[in-house]
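Asker: Chains as they are written, first to last, in UniProt numbering: chain X, 1 to 186; chain G, 1 to 186.
(1) Decide yes or no for the touch test of the stretch 111–121 of chain G against the stretch 155–175 of chain X: beta carbon pairs closer than 8 Å, at least 3 of them.
(2) Measuring only the C-alpha atoms, how far is residue 76/G from residue 31/X?
(3) With burial defined as no fewer than 16 other Cβ atoms inside 10 Å of the residue's Cβ, what is the status of residue 147/X: buried or exposed?
(4) Output the distance between the C-alpha atoms of residue 16/G and residue 7/G, rounded to the nearest integer angstrom.
(5) Would you mind sorting residue 174/X into buried or exposed? The rule is 16 or more other CB atoms within 10 Å of its CB.
(6) Does the stretch 50–64 of chain G come into contact with the stretch 58–78 of chain X, if we say contact requires no fewer than three beta-carbon pairs (one atom in each stretch) closer than 8 Å?
(7) In chain order, what are the residue ranges of uninterrupted beta strand (DSSP E) at least 3 long that sit wholly in the UniProt domain "Flavin reductase like" (16–168) of chain G?
(8) Would you call the stretch 41–52 of chain X and the stretch 141–155 of chain X touching, i.e. three or more CB-CB distances under 8 Å?
(9) Could you check how far apart the C-beta atoms of residue 180/G and residue 119/G are, in whole angstroms? I think they sit under 8 Å.
(10) For residue 122/G, I'd like the list of residues in its chain whose CB is within less than 6 Å of its CB, leaving aside the five on either flank, ordered along the chain.
(11) So the candidates are 185/X, 79/X, 25/X and 131/X; which of them puts its Cα closest to the Cα of residue 34/X?
(12) Which value, in whole angstroms, describes the spacing of the CA atoms of residue 79/X and residue 38/X?
(13) In this structure, how does DSSP classify residue 178/X when only helix, strand and coil are distinguished?
(14) Bridge partners of residue 7/X, per DSSP?
(15) Out of curiosity, what's the CA-to-CA distance linking residue 20/G and residue 166/X?
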């Protein structure tokens, strides 16, 4: 498996990786336990502070680890990890240690205890910013407090879930329209 | 411009089009005015009722139309509309009639007064379900009450915003992992 070399990345730019809508791997830690879950329901809420909303069903083993530790890492996997992403989403941290089971390498973060996943293209260290909608919607609002992003390739082949077991892999085609944007609208 | 032939689509399946993370066009109507805005910050919240969260900045002209009418339509454009999508996002309904200016065809919905955009691949009629987070985050929670989706092609070439004026076009590569899913996890 690929291990990306990552560098610090401005948290105000994490939208560049999250807004296209990739499936992500959420890693967490609480007491002596770590876990990883696959998550598709997330959205940017604010550039700075960098706020991200996520739906984490209380049926997930990760739910309590994240709710109690008030932290997580949002990791962005690339196409080479697609099978692993599916397997992570279809197993439970109640039964297995997902890092060991799937050969993933935990790396320490700088701001949170939750481990970064070394094999992912990007890792965003998150602190829980608002739990007010957890009870009603299983919705967590996180602030990205530290971002690590691979130096290459420039455009990752991300994995996007279409439901029903089908994934779209992000296309190589990029269209640049900078000149059509008004100042402040990029 | 392409005009898709659309059919009724189960609202509980709208995640199949929204979860991959496409940029969308939000159409709205209030009193004698209609408008369209480009939006990238949205996420599924629930399958049934089909809830979708959206960030609609109060700086947008559409904000008040949607807040007051408590309705909108979320339309999914395809790659042929990319330039139009950028122009819609970089102009204001204060200054122009976007349907007329960009040659788009409004079509009546069945459940909301906001117009569907005929040239889009899919249109989801939405009613405001929860405005409690509008003041704090500009976040609207909509229920999709009626969905219209094109019969062909099966997989649309959607447009995904990477920030900084750059868009990813969804790839042709699809990976199917149905057999790796546990029952109820698709």
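C-beta atoms are modelled at their ideal positions from N, C-alpha and C, and glycine is treated no differently.
Answerer: For this structure:
(1) no
(2) 44 Å
(3) buried
(4) 15 Å
(5) exposed
(6) no
(7) 24–30, 33–39, 42–46, 51–55, 71–76, 122–130, 139–150 and 159–161
(8) yes
(9) Incorrect: roughly 37 Å between the Cβ atoms, too far for contact.
(10) 17, 76 and 149
(11) 25/X
(12) 14 Å
(13) helix
(14) 149/X
(15) 10 Å
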